[in-house]
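Taking this note's numbering, the leading residue of the sequence shown gets 2, the next gets one more, and so forth.
Positions of the beta carbon are idealized from the N, C-alpha and C atoms, including for glycine.
Note that the structure is predicted; figures quoted are calculated from it, not measured.
Encoded as structure tokens, the structure appears first; notes follow it.
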Amino acid sequence: METKYLTREKDYQIKVQDLEIKKSNRQRIIYAIGLIGVSLLAFLLYRLNYIRRMNNVTLEEKNKIIEKSLIEKDILLREIHHRVKNNLQFISSLLGLQSEHISDDTALSALQDGQNRVQSMALIHQNLYQEDNLTGVGIKNYFVKLIRNLFDSYNIRNESVSLKLDIDELNLDVDTVVPVGLIVNELVSNCLKYAFPDGHGNIFVVLKEEGNELCLVVKDDGRGISDLERENLGSSFGYRLIKVLQDQMMASLEINANRGTEVVMRISKYMKAGL
């Protein structure tokens with residue numbers, strides 16, 4: 002009987018503890034629901050107060066708030082482009098310093114080409130933070146700066162090699178300008194390095210919007226390209242880079258060797274700034 006009594010007493014204590022646990026859990030749930038309810042109420046009161054305050058703001062004050070936000074955004078974008086340009090120029094300077102300690106002509110040429118490629122991208126971000134439009138690049142002004150840098154890089158004087166540009170006044174999106182700039186960098190560099198053995202000639206760069214395509218032409222009146230050189234194009238880094246960018250921009254590529262070398266690209270995938 003004593004054992005039965007102790008067993009019943011223990012069962013009773015277990016039931017009491019179980020009820021206390023359930024009561025404690027219910028209290029926690031009630032507290033949690035109450036906390037969520039208070040939070041929702043506070044958020045609704047905040048929103049209502051914000052809406053009331055905004056309704057009391059005059060149209061002139063709203064315009065000032067919007068104008069201030071736009072100015073802050075403009076400053077931030079300019080700072081980003083400025084820092085990207087500085088970083089790219091730092092890389093270009095490192096390549097230039099490295100080239101001073103290299104005597105091998107092939108390695109030196111590769112470093113110089115890499116430096117020019119980095120510089121072509123730095124120019125894009127420089128144009129972006131210097132111009133009023135932070136989303137696009139005026140392609141004509143960009144081409145002038147890009148090719149001028151190439152002439153300086155290869156120590157070419159304007160009297161010996163003449164540059165003739167026929168560029169539409171287009172404002173292109175950054176994602177379009179980067180590959181186009183790299184392509185022009187490669188093609189003009191090739192003209193300056195290989196087209197004129199006697200150091201004299203003309204380079205023609207054309208960019209036109211024709212229908213839904215960009216037509217890019219880079220031509221020289223130099224010695225032209227031989228059949229053997231055409232066959233070996235696939236082994237050069239510059240040509241492989243152009244092929245990658247060609248696929249990226251869904252472009253056709255045509256190389257003509259009539260009275261010099263002419264490269265024609267018709268680009269289907271491009272964007273104007275702001276579109």
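Identify whether residue i lies in helix, strand or coil by the three-state DSSP scheme.
| i | result |
| --- | --- |
| MET266 | strand |
| SER253 | strand |
| ASP248 | helix |
| GLU187 | helix |
| GLU61 | helix |
| ASP105 | coil |
| ASP153 | helix |
| ASP167 | strand |
Measure the alpha-carbon distance for residue i versus residue j and round it to whole angstroms.
| i | j | result |
| --- | --- | --- |
| LEU164 | TYR143 | 15 Å |
| LEU124 | GLN90 | 9 Å |
| ARG9 | PHE44 | 52 Å |
| GLY139 | ILE103 | 37 Å |
| CYS216 | SER161 | 27 Å |
| GLY137 | ILE67 | 22 Å |
| GLN1 | ILE268 | Residue 1 is absent from the model: the chain starts at 2 and stops at 276. |
| GLU214 | ASN259 | 24 Å |
| LYS16 | SER25 | 14 Å |
| ASN203 | LEU193 | 10 Å |
Mind checking who residue i pairs with in its DSSP beta bridge?
| i | result |
| --- | --- |
| GLY137 | ASP174 |
| GLU230 | None; GLU230 has no bridge partner. |
| GLU214 | GLU211 |
| GLY202 | VAL162 |
| VAL219 | VAL206, VAL264 |
Compute the distance between the beta-carbons of residue i and residue j, then report whether it is under 8 Å.
| i | j | result |
| --- | --- | --- |
| GLY261 | LYS220 | yes |
| ALA196 | GLY223 | yes |
| ILE184 | ILE148 | no |
| LEU95 | ASN117 | no |
| VAL119 | ILE81 | no |
Is residue i close to chain D? Criterion is C-beta to C-beta, closer than 8 Å.
| i | result |
| --- | --- |
| ARG231 | Included in the structure is just one protein chain, with no chain D present. |
Using 8 Å as the cut-off, can you tell me whether the stretch 152-161 makes contact with the stretch 213-232, which would need three or more C-beta pairs spanning the two stretches below that distance? no
Under 8 Å: do the stretch 168-184 and the stretch 199-211 share three or more Cβ pairs, one atom per stretch? yes
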